[in-house]
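Just so you know, the numbering used here puts 89 at position 90 of the sequence shown, and the rest follows in order with no gaps.
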Amino acid sequence: VHSLGRGDVLLAGVSWVPPKTGSLPIMDLSVMMYDDEWGYVDSCDWQKLAVRGCTHSGDWCGKIDQATHKGPVRETVKIDMAEVRKAVEGSKTLVRYVVVATFSYSGQDMSEVPQAFVYLADPNQRGGGP
């Protein structure tokens, strides 16, 4: 659990390099939002690319060259905390918790995928991350 300032923007992401042999990993990044009592409010994922305060980069896995397994691959969600905290349209529900998750739809464990990383970053700061 991390407390953020009112104007913070985060970049959540998953990146990986497809293995040279074997089946291609299919990983997807999702962000789920919950209220004070952990009631589900909304989510941003490959099927729902934009919701209040969150923008998903899209399903990048489809950009892998299936014949050569060329990569790397990356998916991101930009999270604008000031927007996320606003009440959900048409209700008084406020987002209290933001959960970032990565799903492996192809079944591989992250430890089986070369150079696989899940990260949170400040998109306004330079870094040496993935």
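Backbone N, C-alpha and C define an ideal beta-carbon position, used for all residues, glycine too.
Here the structure is a predicted model, which means the values were calculated and not measured.
| request: Specify whether the stretch 36 to 54 and the stretch 107 to 114 touch according to this definition: at least 3 beta carbon pairs, one from each stretch, less than 8 Å apart. | output: no
| Whose C-beta lies closer than 6 Å to the C-beta of Asp-27 among residues of the same chain, with five residues either side of it excluded? | As a working mapping, residue 27 is identified with position 28 in the sequence shown. Once the five neighbours on either side are set aside, the close Cβ partners of Asp-27 are Trp-45 and Phe-102.
| said: Considering only heavy atoms of the ligand HEM, does any lie closer than 6 Å to the CB of Ala-49? | reply: Here there are no bound small molecules, and the ligand HEM is not part of this structure.
| task | Please state whether DSSP places Ala-115 in a helix, a strand or coil. | result | Here residue 115 refers to the residue found at position 116 of the sequence shown. If DSSP states are grouped into helix, strand and coil, Ala-115 belongs with coil.
| request: Return the first residue and the last residue of the alpha helix (DSSP H) that Met-80 is part of. | output: Locating residue 80 in the sequence shown gives position 81, counting from the first residue. Per DSSP, Met-80 belongs to the alpha helix (DSSP H) from 80 to 83.
| task | May I have the straight-line CA-CA distance separating Val-0 from Ser-14, to the nearest angstrom? | result | Translated into the one-based positions of the sequence shown, residue 0 becomes position 1. Translated into the one-based positions of the sequence shown, residue 14 becomes position 15. In this prediction, Val-0 has a pLDDT of 43, which is less than 50 and means its spatial position is unreliable; what the coordinates show is noted afterwards. Using only the alpha carbons, I get a separation of about 22 Å.
| By Cβ distance, which residues of its chain are closer than 6 Å to Ala-100, with the 5 residues on each side in sequence left out? | For the purposes of this step, residue 100 is taken as residue 101 along the sequence shown, with counting starting at 1. The answer, listed in chain order, is Ser-29.
| task | Run the CB neighbour count on Thr-20, radius 10 Å, all protein chains shown included, and call it buried at 16 or more, exposed below. | result | Your numbering for residue 20 matches position 21 in the sequence shown. Exposed, because fewer than 16 other Cβ atoms sit within 10 Å of the Cβ of Thr-20.
| request: Look up Val-0 in the DSSP assignment and say whether it is helix, strand or coil. | output: Walking along the sequence shown from the start, residue 0 turns up at place 1. For Val-0, the pLDDT reaches just 43, beneath the cut-off of 50, and the residue's location in the model is therefore unreliable, although a value from the coordinates is still provided. Looking at Val-0 - three-state DSSP - the assignment turns out to be coil, as it is neither helix nor strand.
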